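With positions in the sequence shown counted from 1, the corresponding number in this note's numbering is that position plus 87. All C-beta atoms in this analysis are idealised placements derived from N, C-alpha and C, irrespective of residue type, glycine included. Quick caveat, the model's predicted, so the values are computed rather than measured. The block underneath contains the structure these notes are about, expressed in structure tokens.
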Amino acid sequence: MNIGSINIYDKVISDTVNTVVLFPPKPILEIAKEVDLASAFAGDTLEYTLTIINTGDLAAKDVEINDNIPEFTTFIPGSAIGSTSIKTSLTGFCR
């Protein structure tokens, strides 16, 4: 609320104005990473899932997500699958 007043001799003239401050819309990305096994042995296949959710009020454009392959694992080429939707999941396998 914004209140302005003017003093003229012995009188006070005031006016109240409500001001709403709007912030521009923006994307807000939340990323979660999960693995299907808590522990694994050499040769086991692990399934990692990245879930990306935009909780903002504007579409995210030209987004690039980089995820490092965990130490002692090897990415299985061609195993990354995903979808594009409001909630996006990307799944890939490592050995």
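Beta carbon proximity, residue i to chain C, threshold 8 Å
| i | result |
| --- | --- |
| K148 | Checking the listed chains, one finds no chain C in this structure; it contains a single protein chain. |
Three-state secondary structure (DSSP) of residue i
| i | result |
| --- | --- |
| E121 | strand |
| T160 | coil |
| G165 | coil |
| T106 | coil |
| V99 | strand |
| L145 | coil |
| N94 | strand |
Limits of the beta strand (DSSP E) - the one that residue i falls within
| i | result |
| --- | --- |
| E134 | L133 to N141 |
Residue i versus residue j: straight-line alpha-carbon distance, rounded
| i | j | result |
| --- | --- | --- |
| E134 | G143 | 28 Å |
| I156 | P112 | 34 Å |
| D97 | T103 | 20 Å |
| V122 | V107 | 45 Å |
| A147 | I139 | 11 Å |
Residue i and residue j closer than 8 Å at C-beta
| i | j | result |
| --- | --- | --- |
| K120 | L137 | yes |
| P114 | L145 | yes |
| I118 | I152 | yes |
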